[in-house]
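Novice: Quick note, the sequence shown lines up with residues -22 to -1, 1 to 261 if you use mature numbering (1 follows the signal peptide of the UniProt record, and there is no 0).
Take this structure first; my questions come after.
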Amino acid sequence: MRLPLIITLACCAILASCSKYQLNVISSTTGKEPNKQTGNYEFENDSVRISYSFYGADAPVTVNVFNKLNEPLYIDWQKSALVIGDKAISYVPDNIKLNGSISADSYTYRGNNNNSVISNPTYTNGSINATANLPKTTTFLPPHTQSTNTTLRLANGFIQVPDTAFHKIRMIENFADTVKLTKVNTALFNESNSPLAFRSYLTTYTVADGKNIPVVYEDKFYVSRTLNTGSDPRYLREFNRQRGDYFISSKASGFGKAMAVTGAVAAIGAAGAVADSQNAKSK
């Protein structure tokens, strides 16, 4: 009698997992190619090497700075920002992260006050055990050292791209032991028509004779390619390795949401049918 319920619950779980995926490839406006191994964008001179990675959910902006100098280098995050359109977003977050736990105990008493009974007064004692993580405003880099910072994300869900921008292309898909050609909705962009263009404005400085000597680095990027697919794009051969020049977003499809609800209702109905059958047998 449990079999119908198990099957229904399994179907519910499978249908609930239906998702849509969007993969966005990021390019540099200078035409610079990303690192062949990591996919990170690296900009280098005699003083620093700056590396950018955007891999992860909603495109975390990971900035790595390596100090090539024989003297200390400082990164001034308060004077650095990610610029999307005409909006500047500071690399120093506005919010303070608080990690910890709260514990509390409640006590109920019965007593009287001037012969007037107080009905079940309740008192609560509590304590907070937490650590506040203050955002870094400056990073100190001794000679020939590096530091990595990730405080911002480029996206919040799917980037809006009109349906008319997409066309189907064939790509190689590897799933388990199967290799096949699959059609993927793809849109291509240049710097002027990209749905997402942004720049990183990074301020560093050295100290000489008690004075700060600032240097500003500005690097520009844009989404050059968008893929929309109903299967995980990491099965595509081109994107089966983690790289810093693309990011993937996902969300439940409308079909998946509807079928999840339908499956849940069916599961409840199956559970009721099994219960009724068992009750009938016990009579």
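Ideal placement from N, C-alpha and C gives every residue a C-beta, glycine not left out.
1) Run the CB neighbour count on R212, radius 10 Å, all protein chains shown included, and call it buried at 16 or more, exposed below.
2) Using only the alpha-carbon positions, how far apart do N152 and L214 sit?
3) Is the distance from the Cβ of V43 to the Cβ of Y30 below 8 Å?
4) Any chance the stretch 47 to 55 sits against the stretch 177 to 192, with 3 or more Cβ pairs inside 8 Å?
5) Is it buried or exposed for I226, if we count other Cβ within 10 angstroms and need 16 for buried?
6) What number of angstroms, rounded off, separates the C-alpha of V239 from the C-alpha of E11?
7) Comparing C-alpha positions only, which one of A186, T7, S(-4) sits nearest to S172?
8) Could you check whether V193 and R131 sit closer than 8 Å to each other, using their CB atoms as the reference points?
9) Report the three-state DSSP secondary structure of Y213 (helix, strand or coil).
10) In the DSSP assignment, find the beta strand (DSSP E) that holds H122 and state where it starts and stops.
11) Would S5 be called buried (16 or more neighbouring beta carbons within 10 Å of its own) or exposed?
12) Could you check the C-alpha separation between L119 and D36 for me, to the nearest Å?
13) Taking only the alpha-carbon atoms, compute the straight-line gap between K161 and R203 and give it to the nearest angstrom.
14) Assuming K158 contacts S(-4) under a Cβ cut-off of 8 Å, what Cβ separation, rounded to an integer in Å, is found between them?
15) Determine the contact status of F136 and I62, defining contact as a CB-CB distance below 8 Å.
16) Would you say G17 and D210 are within 8 Å of each other, going by their C-beta atoms?
17) With respect to the beta strand (DSSP E) encompassing Y200, which residues constitute its N-terminal and C-terminal limits?
18) Starting from V61 and walking both ways along the beta strand (DSSP E), at which residues does that stretch end?
19) With DSSP as the reference, label T8 as helix, strand or coil.
20) Tell me the DSSP bridge mates of F176?
21) Rounded to a whole number of angstroms, what is the C-alpha to C-alpha distance between H122 and E49?
22) Helix or strand or just coil, what does DSSP make of T116?
Specialist: A quick look at the data gives this:
1) The residue you call residue 212 lines up with position 234 of the sequence shown. Exposed, because fewer than 16 other Cβ atoms sit within 10 Å of the Cβ of R212.
2) By one-based count along the sequence shown, residue 152 stands at place 174. By one-based count along the sequence shown, residue 214 stands at place 236. Straight-line Cα distance between these residues: approximately 6 Å.
3) For the purposes of this step, residue 43 is taken as residue 65 along the sequence shown, with counting starting at 1. For the purposes of this step, residue 30 is taken as residue 52 along the sequence shown, with counting starting at 1. No, they are not a contact pair.
4) Verdict: yes, contact present.
5) Position 248 of the sequence shown holds residue 226. Buried, by the Cβ-count rule.
6) Here residue 239 corresponds to residue number 261 of the sequence shown, with the count starting at 1. Here residue 11 corresponds to residue number 33 of the sequence shown, with the count starting at 1. With a pLDDT of 47 at V239, under the threshold of 50, the modelled position of this residue cannot be trusted, and the question is left open.
7) The residue given as residue 172 occupies position 194 in the sequence shown. In terms of CA proximity to S172, T7 leads the group A186, T7, S(-4).
8) On the sequence shown, residue 131 is found 153 positions in, with the first residue counted as 1. On the sequence shown, residue 193 is found 215 positions in, with the first residue counted as 1. It is not a contact, given that the beta carbons lie outside the stated cut-off.
9) As a first step, residue 213 must be located in the sequence shown, where it is residue number 235. Helix, per DSSP.
10) For the purposes of this step, residue 122 is taken as the residue at position 144 of the sequence shown. Premise fails: H122 is in no beta strand (DSSP E) and is neither H nor E.
11) Here residue 5 is taken as the residue at index 27 of the sequence shown, counted from 1. Burial is judged here by how many other beta carbons sit within 10 angstroms of a residue's own beta carbon; S5 has at least 16 and is buried.
12) For the purposes of this step, residue 119 is taken as residue 141 along the sequence shown, with counting starting at 1. For the purposes of this step, residue 36 is taken as residue 58 along the sequence shown, with counting starting at 1. Answer to the nearest angstrom: the Cα atoms are 29 Å apart.
13) Here residue 161 is taken as the residue at index 183 of the sequence shown, counted from 1. Here residue 203 is taken as the residue at index 225 of the sequence shown, counted from 1. The alpha-carbon separation between K161 and R203 amounts to approximately 15 Å.
14) Counted from its first residue, the sequence shown places residue 158 at position 180. Counted from its first residue, the sequence shown places residue -4 at position 19. The C-beta distance from K158 to S(-4) rounds to 20 Å, too long to meet the 8 Å contact threshold.
15) Here the question's residue 136 lines up with position 158 in the sequence shown. Here the question's residue 62 lines up with position 84 in the sequence shown. In this structure, F136 lies away from I62, with their beta-carbon atoms at least 8 Å apart.
16) Here residue 17 refers to the residue found at position 39 of the sequence shown. Here residue 210 refers to the residue found at position 232 of the sequence shown. Taking 8 Å as the Cβ cut-off, G17 and D210 do not qualify as a contacting pair.
17) Counted from its first residue, the sequence shown places residue 200 at position 222. Residues 189 to 207.
18) By one-based count along the sequence shown, residue 61 stands at place 83. Per DSSP, V61 belongs to the beta strand (DSSP E) from 51 to 62.
19) Your numbering for residue 8 matches position 30 in the sequence shown. Shown here, T8 sits in coil according to DSSP, grouped into three states, outside any helix or strand.
20) For the purposes of this step, residue 176 is taken as the residue at position 198 of the sequence shown. Per DSSP, I62, F199.
21) As a position in the sequence shown, residue 122 is number 144, starting the count at 1. As a position in the sequence shown, residue 49 is number 71, starting the count at 1. One C-alpha to the other measures close to 8 Å.
22) For the purposes of this step, residue 116 is identified with residue 138 of the sequence shown, where counting begins at 1. Strand, per DSSP.
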